[in-house]
Each structure stands twice: as C-alpha cells, then as structure tokens.
Amino acid sequence: MASIFGFRSRDPARDRQTDISRLDRLAKLLDQIAAEIEAEKNGLENRYRTKAANAAFLVEAMENGAASSSRSSEVSELTKSILNYERRIAALARQNELMKGLRHSLDAIFDEGAERSSTTKADLANPAAGTG
C-alpha cells in the first residue's frame, strides 16, 4: 500500500499475522506458568496430607499414652509445616486464578481481532452491506 506522501504501510494481513504470532507466544508462556503452578500445588497438597496425617496420629498416640508427651515439639513442628503448606497452597491458588484471568483476557484479544478481521473482509466483499 502506498500513500500520497510516499509512506508505505504494511499489509494488514501481515500485521495480523505478527500479532497472532506474538500473542501465541504469550499464550504458550501463560500456559507453561499455569502448569508449573499446578504441579507445585499438587506436590504441596500431597505433602500437606502426609504431614496432617502424621500430626493426627502423633497427637492421638500421645493422648492414648502410646507416645510420650516429650514429642510435643514434634507436633509443634508438624503444625508449623502444615500452616506453611496452607499459606503456600493459598498463594498458588491466587496465582492460578491470575493466570486464568490473563489467559481469558488474551483469548478475548484473539477473538476480538478475529471478529474485526472477518468483519473487514466481509465489508470489502460486499461494500453495499455497509451503507444503510
């Protein structure tokens, strides 16, 4: 395309392809980060369940006299670990929601661009449709 001032602009289809390529790379990165978050969260949840079960069995054993009360420091450590797991799992859940929101926004940009592109093509194919 050439203008009367000698400035040449790129073909809109080329611009669209550049945008799609850029947004596709971003989408893949968001998906990768979301997968990393999910993997960390799953690992923590498994360890959390193990710690919680160990703490419950230890407390029960202490209450039944099967374990000495001197193991209360062990219960305290297990409790700290459980609380840390809960905080981290909650943080990961927030991060996961953020990734979902970003991905949704990115998908909306893709959809908006596709609608605009198809509308432009339709208008060019049928110029009388735009008058009214």
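This note's numbering numbers the first residue of the sequence shown as 439 and each following residue consecutively. From the three backbone atoms N, C-alpha and C, an ideal C-beta is built for every residue, glycine too.
What's the gap between the Cα of residue i and the Cα of residue j?
{"i": "S519", "j": "A546", "result": "40 Å"}
{"i": "I471", "j": "D457", "result": "21 Å"}
{"i": "A451", "j": "R554", "result": "12 Å"}
{"i": "K538", "j": "R463", "result": "16 Å"}
{"i": "Y523", "j": "R446", "result": "58 Å"}
{"i": "N534", "j": "E476", "result": "7 Å"}
{"i": "S514", "j": "A505", "result": "15 Å"}
{"i": "G568", "j": "S459", "result": "Residue placement at G568 is flagged as unreliable, the pLDDT there being 48, under the threshold of 50; a coordinate-derived value is accordingly withheld."}
Going by beta-carbon coordinates alone, are residue i and residue j separated by less than 8 Å?
{"i": "L540", "j": "L496", "result": "no"}
{"i": "M500", "j": "S507", "result": "yes"}
{"i": "K479", "j": "L530", "result": "yes"}
{"i": "L516", "j": "N492", "result": "yes"}
{"i": "A494", "j": "L544", "result": "no"}
{"i": "L482", "j": "F548", "result": "no"}
{"i": "R448", "j": "G551", "result": "no"}
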